[in-house]
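Written below as structure tokens is the structure these notes are about.
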Amino acid sequence: MLEKCVASPPNILATLQAVQAAFGYVPLDTVPAIAAKLGVTDSDVRGVLSFYHDLRTEKPGKHVIRFCLGDSCRATHCENSLAAIEKKLGCELGETSPDGKFTLEKVYCLGNCALSPNMMIGEEIYPRLTPKSATAALEKHK
Amino acid sequence: MIITLNGRKVEVQPGQTIWNAARANGVNIPSLCASPNLKPYGSCRLCLCEVDGQRGYPASCTTPVRDGMVVRTDSAKLNQLRRNVIELYLSEQPEGSLQLREYAAQFGLQRVRYRQPKKRAYKVDASNPFFAFDPNKCIACARCVRACDEVQGTFAISMFGRGFESSVAAGNDVGFAASNCVSCGACVKECPTDALFEKAVAEFGKPDYTTRTTCAYCGVGCNFDVGVRAGRIVTMRPVDASPVNWGHACVKGRFGWDYVYSEERLKKPIKRVGDKWVEIAWDEAFTMIIDAFQRAKEKHGPDAVAAVSSSRGTNEENYLMQKFMRCAVGSNNVDNCARVCHSATVSGMMEVFGTWAATNSLNDLEQTKLLMLIGANPTEGHPVTGARIKRAIRRGAKLIVVDPRRIELCRYATLHLQLKPGTNVALFNGLANVVVTEGLTDKKFIAERTENYDAWWEVIRKYTPEHVAGITGVPADKIREAARLYATSGASMCAHGLGMTEHKYGSYGIMALCNLAILTGNVGRPGTGINPLRGQNNVQGSCDVGSMPVYFNAYQKLDDPAVRQKFEVVTGKPLPQKKGWKTPQMWDAALAGDLRVMWIMGYDVAQTDPNLLKVRAALDKLDFLVVSDLFFNETCKHADLVLPAASFVEKDGTFTNGERRVQRVHKVIEPMHGIIPDAEQIFRVSAGLGYPMKYANISEVMDEIAKLTPTMAGVAYDKLDDHFGLQWPVPTREHQGTGIMHTDRFPRGKAKFSPAEYLPPGEVPTDDYPFTLVTGRVLHHYNCGAQTRNSKLIEFVNRDVLEMHAEDATELGIADGETVNVTSARATIQLPCVISERVIPGQLFTTFHFPDNDLNTLLSSSADALSSCPEYKVLTVRVAKLPAKKRAPAKLRARVLV
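Chain order of the listed sequences is A and B. Count along the first sequence starting at 1, add 187, and that's the number in the working numbering. Count along the second sequence starting at 1, add 138, and that's the number in the working numbering.
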């Protein structure tokens, strides 16, 4: 699997993205193997891995929610929708729901401010969130 | 180029940053992240300045100077900006480090206006024995990370996380000790806030003053400022301006000096009484030596006495020991431990060039276009040079590694010629063959500066790449490629270690290498030459000053009447003419009953010489053996009398490093435990034998050496202190030393092509002994280990291990870490076996730092025909499993650098 993920020419970030695409996250104990394959040191890889929030080091739920806390979404009271989601999932931002279905992550702008507040589930964007539409969106992902 | 700096016109260099230019002109612009040793970075925002015609406040550490630039580094506005920056730093760490508090006071910061969102409570990483990291004091300037990358080239640490969370971490966030960190201390030296700090400084306090001296570990000869607090050494910091190490160091030199304070050190002379050791007074000890020497001389003649001095000792001590032997005893039986390392380099280079030392300087690594590294592992044996080689490669130089093992530098090599141990001669003949047949020779150089080409070619013509591939195991196309690279780079440099010399035909390997250099004109120019990496700190010097049985100083002949006369004027005594015994011959002589009495100084022959069972039998046969050493070593076990010795920080003198640089060793502290230093020991015994040596101080010994040694004629202590030493030849008092030798002519006139035929090593693998074992060193230990085993370095590596390829281990059913039997034709020893990628199947590697293994009992007495340099590098053995309960070694700590 690692063989397939190593970017050519060797590139730490692209490789970590490929590992995450394959496994859903980058397990910390794979760092030495990735470093050895790329011909760099463990700390080089771990440094990049720790820098990008999008790179996860823990196994996520089945679906990843990226909930926007950017200025525009704040101004349109995204916190109401967030509270509804947290209640429904039984977990807070940065956590995974007890049933393992959803990981709730924060982001600071999804680039869709005209239709704030926003969130993404997987690759799908949900604009103009209300508490109702937000919880309804969860229903679509089982 | 001229700029106006704070209203003053100053001269600056194009390409300099404002910060560096100001520094060079005595203006220190406040800064935390900038360092003269590192590339511009610009993170701390303290060094802001004002430049006429430029908007805003550029960072002086990243802004290059322009001609006519008008710069102000001090103004009310700048002071306010700096105050704000320091305020931000302190908002994260209210206590702040000393440096932050000093800046706060300097900029008039009264209080921090920001409330703290959360308190830092990071764990201190104290895993490294010598230094610790306190993330709570870190300002994330990345100076440590940049030092690790740019200076040391190990890339062991990185900035982790981002924003408030950013900090430094090692490896896969495993702590410094468990990461690939090599503890060179570059990060600690760069840290501006004491987030990285030396444990000894934390324990004993910052130094009151420093004394400059030269490191006593390997032959690189790094310069250090030794920091002393209340009479105790607390730190050794590498010197930025040193032309040898340029502010860099390795773990041994930087931190491994703590053996000076080891409780294990010998404190008083001890004599053997039955099977016990009894402390005696110094006077009694000297009387014992004088009596024993006198008796042997009278009864058996002066040649029944021999002495071995140390390449770890100073030039002065080595000189005095040979003078003592020649004048007080009347015998040439004096040798030093260079015999077992680079003696073959000397005999090989003598033949081709007529000289016995590195042709170029370490600084030539900055200019070389291609480095061919042979039988050396500098990132462990000569780590500061190793780091420098990595820098040269990043600059664009090419690297060819010639080594049976896949050493760390192979990662950066253009080519790795993984030859079978003991086939050097064939390989270099093969390279020369390609150079000639492909028309890549330097015809002008050959015509003008060499001789004996035709006779040489008659021998070399049959060493075609295909023929050589059969001998060496290196594919013919790689031989061709290496030859082309070496011949055509424009400036090719060779550096070699003991993988070249410690062979049955070591001298011939050196000749073959030198032939290749003169064939392609790669001598006498910057970035070229033949450069032995000397193993011990004073291998070069101990031979230069004549501690050898068959030569006087600077390899002057014993039987040359003019030389003898010159010496006798100084010594006031006729000198013995009969050649003395080389160290291995001393063992034969002792066993034969011809050698009766010995003095061995700073050299653990009973651990490091080959064929140990024989050496030990020889030592036991002596009537009287006196050993001077820092620690009770293996040789002491065979002695009648043991004298404590002074370490390098407890005496004055000089060491000569591998690039012929004679450098001062300054006394930093008084000898511990009232120890009488080695030179004084020699004086006392010599006087007792009726030959008092009169010197007002140790510098007069060097004056005498200068008088008798043509290559060092202009060397004197005052000159050494002015410079960072002097590289010989220094023919006159006015001479500034010689960086590159043989620019116009060779000492022997023309260089002589010296044909050398390949002959197989002393032992080749058989069914009984199928493995070839190579021995060498690791980063954290130094030769016999007397110093490093008595240092906290032992926390990194506490055992010698046998490195074996996974295929062989699988075949023999040996698990990683399992203790095995290793058997040669002489003996059987036990070693823990470690699976290693560095060796190929059929080959093994181990080190010789720990005496309990008795490694060298495995070796034969086989040695280089010309120089008697032992064949350490080729030994055939078999490996066998042990009964189950003996397989697990006790607390194994080892590391394999790849």
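Don't be surprised by glycine CBs; every beta carbon is placed ideally from N, CA and C.
Assign residue 269 of chain A to buried or exposed, taking buried as 16 or more other Cβ atoms, counted over all protein chains shown, within 10 Å of its Cβ.
Classification for residue 269 of chain A: buried.
Does the beta-carbon of residue 352 of chain B, which I'm using as the reference point, lie nearer than 7 Å to any heavy atom of the ligand GTP?
You won't find the ligand GTP in this model; it holds no ligand whatsoever.
Do residue 474 of chain B and residue 443 of chain B count as a contact pair if the criterion is CB distance below 8 Å?
Going by C-beta atoms, residue 443 of chain B is not nearer than 8 Å to residue 474 of chain B.
For residue 257 of chain A, which residues of its own chain have a beta-carbon under 6 Å away from its beta-carbon, when the five flanking residues on both sides are left out?
Closer than 6 Å at the Cβ level, and outside the excluded window around residue 257 of chain A, lie 295 and 296.
Specify the secondary structure class of residue 447 of chain B as computed by DSSP and reduced to three states.
Three-state result, residue 447 of chain B: strand.
Of all the CB atoms in chain B, is at least one closer than 8 Å to the CB of residue 215 of chain A?
Closer than 8 Å: yes.
Give the single residue among B/1003, B/149, B/853 and B/829 whose Cα lies nearest to the Cα of residue 468 of chain B.
If we check each option's Cα against that of residue 468 of chain B, B/829 comes out closest.
Kindly list the residues whose CB is nearer than 6 Å to the CB of residue 466 of chain B, restricted to its own chain and excluding five residues on each side of it in sequence; keep chain order.
These residues qualify, in order along the chain: 824, 827 and 829.
Would you call the CB atoms of residue 484 of chain B and residue 807 of chain B closer than 8 Å?
Against a cut-off of 8 Å, the Cβ pair of residue 807 of chain B and residue 484 of chain B comes out as no contact.
Taking C-beta pairs closer than 8 Å, name the residues in chain B that residue 233 of chain A reaches, listed in chain order.
Within chain B, the residues near residue 233 of chain A are 296, 298, 307, 309, 310 and 311.
If you draw a straight line from the C-alpha of residue 142 of chain B to the C-alpha of residue 160 of chain B, how long is it?
Each residue's alpha carbon lies about 10 Å from the other.
Is residue 429 of chain B helix, strand or coil when you go by DSSP?
If DSSP states are grouped into helix, strand and coil, residue 429 of chain B belongs with the helices.
Output, in sequence order along the chain, the residues in the stretch 232 to 262 of chain A whose CB is closer than 7 Å to any CB in chain B.
Answer set for the stretch 232 to 262 of chain A: 233, 234, 237 and 238.
What did DSSP end up calling residue 652 of chain B once you bin it into helix, strand or coil?
Reduced to three states, the DSSP call for residue 652 of chain B is helix.
Cβ closer than 8 Å: which chain B residues qualify as neighbours of residue 219 of chain A?
Here the neighbours are 310.
If residue 975 of chain B sits next to residue 587 of chain B, beta carbons under 8 Å apart, how far is it from one beta carbon to the other, in whole angstroms?
That belief does not hold up - the Cβ atoms of residue 975 of chain B and residue 587 of chain B are roughly 43 Å apart, past 8 Å.
In whole angstroms, give me the CA-to-CA distance for residue 872 of chain B and residue 852 of chain B.
Rounded to the nearest angstrom, the two C-alpha atoms are 7 Å apart.
Against chain A, which members of the stretch 280 to 295 of chain B pass a CB distance test of less than 7 Å?
Those residues of the stretch 280 to 295 of chain B that come within reach of chain A (Cβ to Cβ, closer than 7 Å) are 293, 294 and 295.
Which residues bound the beta strand (DSSP E) around residue 971 of chain B?
Here the beta strand (DSSP E) through residue 971 of chain B covers 966 to 973.
Verify whether the separation of the beta carbon atoms of residue 221 of chain A and residue 206 of chain A is less than 8 Å.
For residue 221 of chain A and residue 206 of chain A, yes; Cβs fall inside 8 Å.
I want to verify the contact list: residues of chain B whose CB lies under 7 Å from the CB of residue 317 of chain A, in sequence order.
By Cβ distance, chain B contributes nothing, its closest Cβ being about 32 Å from residue 317 of chain A, past 7 Å.
Evaluate residue 508 of chain B with the Cβ neighbour count: other Cβ atoms within 10 Å of its Cβ, from every protein chain shown; 16 or more gives buried, anything less gives exposed.
Answer is buried; the Cβ neighbour count reaches 16.
In terms of residue numbering, what span does the beta strand (DSSP E) encompassing residue 367 of chain B cover?
Run containing residue 367 of chain B: 361 to 367, per the beta strand (DSSP E) assignment.
Looking only at its chain, what residues have a beta carbon closer than 7 Å to the beta carbon of residue 819 of chain B, apart from the 5 residues adjacent to it on each side?
If we look at residue 819 of chain B and ignore the five residues flanking it on each side, its Cβ neighbours are 766 and 781.
Looking at chain A, is there any beta carbon in it that lies within less than 8 Å of the beta carbon of residue 317 of chain B?
Yes, because at least one Cβ of chain A sits closer than 8 Å to the Cβ of residue 317 of chain B.
Below 8 Å on the Cβ atoms is my guess for residue 170 of chain B versus residue 325 of chain B; work out the distance and round it to an integer in Å.
The pair is not a contact, with the Cβ atoms about 15 Å apart (cut-off 8 Å).
Which stretch, first to last residue, makes up the beta strand (DSSP E) that contains residue 453 of chain B?
Not the beta strand (DSSP E): residue 453 of chain B falls in the alpha helix (DSSP H), residues 453 to 461.
Tell me whether the stretch 428 to 440 of chain B and the stretch 800 to 814 of chain B touch, counting them as touching only if at least three CB pairs, one residue from each stretch, are closer than 8 Å.
Cβ pair count under 8 Å is below three, so no.
Should residue 302 of chain B be labelled buried (16 or more other beta-carbon atoms within 10 Å of its own) or exposed?
Its Cβ having fewer than 16 others within 10 Å, residue 302 of chain B is exposed.
Note the first and the last residue of the continuous alpha helix (DSSP H) segment covering residue 724 of chain B.
721 to 729 is the extent of the alpha helix (DSSP H) around residue 724 of chain B.
Near residue 524 of chain B, which residues of its chain fall below 6 Å by C-beta distance, leaving aside the five closest residues on each side in sequence?
Here the set comprises 516 and 517.
Kindly say whether residue 195 of chain A, judged by its beta-carbon, lies nearer than 8 Å to any beta-carbon of chain B.
Not closer than 8 Å to any Cβ of chain B, the Cβ of residue 195 of chain A fails to qualify, so no.
Considering only residues of the same chain and omitting the five flanking positions on each side of residue 758 of chain B, which have a CB-CB separation below 6 Å?
The residues are 776.
Cβ atoms of residue 511 of chain B and residue 633 of chain B: under 8 Å apart, would you say?
Taking 8 Å as the Cβ cut-off, residue 633 of chain B and residue 511 of chain B qualify as a contacting pair.
Rank A/195, A/320 and A/202 by C-alpha distance to the C-alpha of residue 242 of chain A and give the top, closest one.
When each option's Cα is compared against that of residue 242 of chain A, the closest is A/202.
Look at residue 490 of chain B and residue 652 of chain B and say whether their C-beta atoms are less than 8 Å apart.
Taking 8 Å as the Cβ cut-off, residue 490 of chain B and residue 652 of chain B qualify as a contacting pair.
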